[in-house]
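Position 41 (the sequence shown) corresponds to 271 in our numbering; numbering is contiguous.
All residues carry an ideal CB built from backbone N, CA and C; glycine is no exception.
None of these values were measured; they are calculated from a predicted model.
Report on one structure; see the data block that follows.
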Amino acid sequence: MPADDDDPLYIASLGKSMRVLEAFRHSHDSLGLTDLVRLTGLGKSSVQRIIHSWERLGYLDKNPQSRRYVLGPRVLELGYYFLRSDRLISMAAPHLVALRERCGLAVNMSVLDGQDMIYLLRLPSRQLTLAEMLPGRRMPAWCNSAGRMLLTPFDDAAITRFLAQSDIKPYTTRTTTDPAALMQAIAQARLDGHAVTHDQVLLNQVGAAVLLRDTPGQPRAAINVTAAASEYPPARLAQEIVPLLLQTAYAIGSAL
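Structure below.
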């Protein structure tokens, strides 16, 4: 987060307020004042004023008995306005629905944000849980097919810096965590025009992704599918599903 002396137009108090709101991404439950002080590193009196203001504006809800807070519905309303107004999402949605109908697998579209990728659209398969259906979820970019495809437009030096700044840790016993091996996987994805992963985030899960480019050729997003490896071994996924992903990406990109 930039400091005041780095940017004269930056409003530090607004940055602190957003830190409090964003602290709720770390919790699946309500948060109290002490929790928010710990998560943000801000002073108690400052956090107290900020959460009161967010509550007044409708972005936080307070339980009067426990005096703990949860995100308010106005946060969801902002997300709705973003989804409704984003041209990429509106152009991609019908094509992704058609892809899901053809392959029957979970279909996602994501973009890169810092060290993470964020899901803009998620069309679930019948087996997925509610949390896996919701757009807006962040995932580390280095460990899944979509994130690796989003890194392919960068040169090796930029990818090396990206990996050095990432929190690389194993999610399964088969997660690739060696930076050299990750570099090789991203280079192979760049060469192939698609990425396929196996057991990287969840055991018995495979993923395949392609890059979505607009008409001038600029990368805009990644489209990926996930499936059970027992049903779609990596070779089958590459042979049967990757061509559908490429067709879908071309159809969307031609309209952008």
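Residue i, buried or exposed, once every other Cβ within 10 Å from all chains shown has been counted against 16
i: arginine 420; result: buried
i: serine 340; result: buried
i: alanine 242; result: exposed
i: isoleucine 482; result: buried
Alpha-carbon spacing of residue i relative to residue j, whole angstroms
i: aspartate 346; j: asparagine 293; result: 32 Å
i: leucine 475; j: leucine 329; result: 8 Å
i: isoleucine 471; j: aspartate 259; result: 38 Å
i: threonine 402; j: glycine 377; result: 17 Å
i: isoleucine 281; j: proline 238; result: 26 Å
i: serine 275; j: glutamine 395; result: 33 Å
i: glycine 309; j: aspartate 265; result: 25 Å
i: isoleucine 453; j: leucine 306; result: 24 Å
i: serine 257; j: cysteine 333; result: 34 Å
i: alanine 479; j: arginine 317; result: 15 Å
i: leucine 261; j: tyrosine 240; result: 28 Å
Which listed residue (the options) has its alpha carbon closest to that of residue i
i: serine 439; options: Val431, Gln418, Thr405, Met379; result: Position check: residue 439 holds alanine in this sequence, whereas serine was assumed. Considering only alpha carbons, the answer is Met379.
i: valine 455; options: Leu393, Leu441, Val300; result: Leu441
i: valine 431; options: Pro449, Arg443, Gln448, Thr405; result: Thr405
i: asparagine 374; options: Ile398, Asp385, Gly366, Ala388; result: Ile398
i: glutamine 278; options: Ser296, Leu301, Ser247; result: Ser247
i: glycine 271; options: Trp284, Ser283, Glu252; result: Glu252
i: leucine 353; options: Met369, Arg367, Val327; result: Val327
i: aspartate 429; options: Ala459, Ser355, Gly344; result: Ala459
Helix, strand or coil at residue i according to DSSP, with G and I counted as helix
i: isoleucine 398; result: coil
i: histidine 258; result: coil
i: threonine 403; result: coil
i: tyrosine 248; result: Looking at the sequence itself, residue 248 is methionine, so the reference to tyrosine does not match. Three-state result, methionine 248: helix.
i: alanine 485; result: coil
i: glycine 309; result: helix
Residues bridged to residue i [DSSP beta-bridge criterion]
i: asparagine 338; result: Arg352, Asn454
i: leucine 442; result: Ala451
Any C-beta of chain D under 8 Å from that of residue i
i: tyrosine 401; result: Looking for chain D here will not work: only one protein chain is present.
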